[in-house]
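Below: one structure, written as structure tokens.
Numbering (my numbering), first residue to last: 2 to 134.
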């Protein structure tokens, strides 16, 4: 991650820090949408993509550790409050992944519809061109 982005994230709120860092750690929204914290809860895959993969435990530990260090900067928080924020951030990450996956599915179905429409246009043009010859 670039130093400028890291310094920018240090200024943001704690929930944005956790979500933004997750996007950078897993390679962007498209890659994070293809991950899951629990595979048993995944109902369907994104059309035209590889199956949903489990989030790597070592990367998740790294993210939680960095987030906890980020929270330690705030001297007013107790350890109980920090633990609660970490727990809530995991829940928020689930929601973020769910929303990213929903957006990716919507984009995939929109692309499929566009392909169908283009194929119809091509058929129509083909028939039109046959009459001209």
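Beta carbons: idealized from backbone N, C-alpha and C, even for Gly.
field: Cβ contact check for the stretch 29-43 and the stretch 77-86: 3 or more pairs under 8 Å
entry: no
- prompt: Among residues of its own chain, excluding the 5 on either side of residue 73, which ones have a beta-carbon nearer than 8 Å to its beta-carbon?
  reply: As a first step, residue 73 must be located in the chain shown, where it is residue number 72. Here the set comprises 83.
field: C-alpha gap between residue 105 and residue 45, whole angstroms
entry: The sequence position of residue 105 within the chain shown is 104, counting from 1. The sequence position of residue 45 within the chain shown is 44, counting from 1. Their backbone Cα atoms lie some 12 Å apart in a straight line.
message: By DSSP's criteria, residue 55 is part of a beta bridge. Which residues make up the other side?
response: Within the chain shown, residue 55 is the residue found at index 54, counting from 1. Note: residue 55 sits in a beta bridge opposite 37.
field: Secondary structure of residue 47, DSSP reduced to three states
entry: Against the chain shown, residue 47 aligns to sequence position 46. Residue state, collapsed to three classes: coil.
- prompt: So residue 47 and residue 35 are in contact, right, with Cβ under 8 Å, and what is the actual spacing, rounded?
  reply: Along the chain shown, one-based indexing puts residue 47 at 46. Along the chain shown, one-based indexing puts residue 35 at 34. Right, the Cβ-Cβ distance comes to about 7 Å (below 8 Å), so this counts as a contact.
task: Check whether the Cβ atoms of residue 90 and residue 16 lie closer than 8 Å to each other.
output: Locating residue 90 in the chain shown gives position 89, counting from the first residue. Locating residue 16 in the chain shown gives position 15, counting from the first residue. Cβ distance < 8 Å, so residue 90 and residue 16 count as in contact.
field: Extent of the continuous alpha helix (DSSP H) to which residue 78 belongs
entry: By 1-based counting over the chain shown, the position of residue 78 is 77. Note, residue 78: premise wrong, no alpha helix (DSSP H); not H, not E.
- prompt: Taking Cβ positions, are residue 20 and residue 80 nearer each other than 8 Å?
  reply: If you number the chain shown from 1, residue 20 lands on position 19. If you number the chain shown from 1, residue 80 lands on position 79. For residue 20 and residue 80, no; Cβs fall outside 8 Å.
query: Where do the N-terminal and C-terminal ends of the alpha helix (DSSP H) with residue 21 fall, by residue?
result: One-based indexing of the chain shown puts residue 21 at position 20. Residue range 15-26 is occupied by the alpha helix (DSSP H) that includes residue 21.
- request: Figure out for me which residue from 55, 49, 62 and 50 has the closest Cα to the Cα of residue 22.
  value: Against the chain shown, residue 22 aligns to sequence position 21. Cα-wise, what sits closest to residue 22 is 62.
field: Whole-angstrom distance between residue 75 and residue 114, CA atom to CA atom
entry: On the chain shown, position 113 is the one that residue 114 refers to. On the chain shown, position 74 is the one that residue 75 refers to. Looking at the two C-alpha atoms, the distance is approximately 49 Å.
field: Proximal residues to residue 102 (C-beta, below 7 Å), its chain only, five neighbours per side dropped
entry: Sequence index remark: in the chain shown, residue 102 carries index 101 (1-based). Only 34 and 47 meet the Cβ criterion.
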